[in-house]
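Peer 1: Taking our numbering, the leading residue of the sequence shown gets 664, the next gets one more, and so forth. Every residue gets a Cβ at the ideal spot worked out from N, C-alpha and C, and that includes glycine. As the structure is a computational prediction, the values presented were derived from the model and not from experiment. One structure, pasted below without further comment.
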Amino acid sequence: MVHILKKIADWIIEHESKEATDCTVPDEIVQEWLDDVNEHLKRMEQNGKKGSERYLMLQDIKKRVKQIQKIRAESCNLKAE
Numbered sequence: 664m665v666h667i668l669k670k671i672a673d674w675i676i677e678h679e680s681k682e683a684t685d686c687t688v689p690d691e692i693v694q695e696w697l698d699d700v701n702e703h704l705k706r707m708e709q710n711g712k713k714g715s716e717r718y719l720m721l722q723d724i725k726k727r728v729k730q731i732q733k734i735r736a737e738s739c740n741l742k743a744e
């Protein structure tokens, strides 16, 4: 099941990365995504599931979402100038 979730997450992140330069999408949407991932990670830590395959997958998603935020910040600043 985790492998299926990982494939879905990879597809979503790939798709979102392509759209990351679209500055018409509010930053709040990406921030909500990151907040949701952080919330899931925190719950897993509290339940002693740190280090599980799902936990590691969520950490990877968190890293990728932060990359998307960085791309958006750079791209939107370039477009605004």
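Please specify which runs of the alpha helix (DSSP H), each continuous and at least 4 residues long, are wholly inside the stretch 669–723, giving them in chain order.
Peer 2: 690–709
Peer 1: Counting C-beta neighbours from all protein chains within 10 Å, is the total for I719 16 or more, i.e. buried, or is it exposed?
Peer 2: As a working note, residue 719 is residue 56 in the sequence shown. According to the sequence as given, residue 719 is Leu; it is not Ile. Exposed is the call here.
Peer 1: Just the C-alpha distance for K705 and N740, rounded to the nearest angstrom, thanks.
Peer 2: Counted from its first residue, the sequence shown places residue 705 at position 42. Counted from its first residue, the sequence shown places residue 740 at position 77. Taking the straight line from one Cα to the other gives about 32 angstroms.
Peer 1: For V700, which residues in the same chain have their Cβ closer than 8 angstroms to its Cβ, ignoring the five residues on either side in sequence?
Peer 2: Residue mapping note: residue 700 aligns to position 37 of the sequence shown, counting from 1. Counting only Cβ-Cβ distances below 8 angstroms, and skipping sequence neighbours, we find L721, I724, K725 and V728.
Peer 1: By how many angstroms is the C-alpha of Q730 removed from the C-alpha of D685?
Peer 2: The count along the sequence shown starts at 1 and reaches residue 685 at position 22. The count along the sequence shown starts at 1 and reaches residue 730 at position 67. Straight-line measurement puts the Cα of Q730 at about 15 angstroms from the Cα of D685.
Peer 1: Roughly how many whole angstroms lie between the Cα atoms of E695 and N710?
Peer 2: As a first step, residue 695 must be located in the sequence shown, where it is residue number 32. As a first step, residue 710 must be located in the sequence shown, where it is residue number 47. If you take the alpha carbons of E695 and N710, they lie about 23 angstroms apart.
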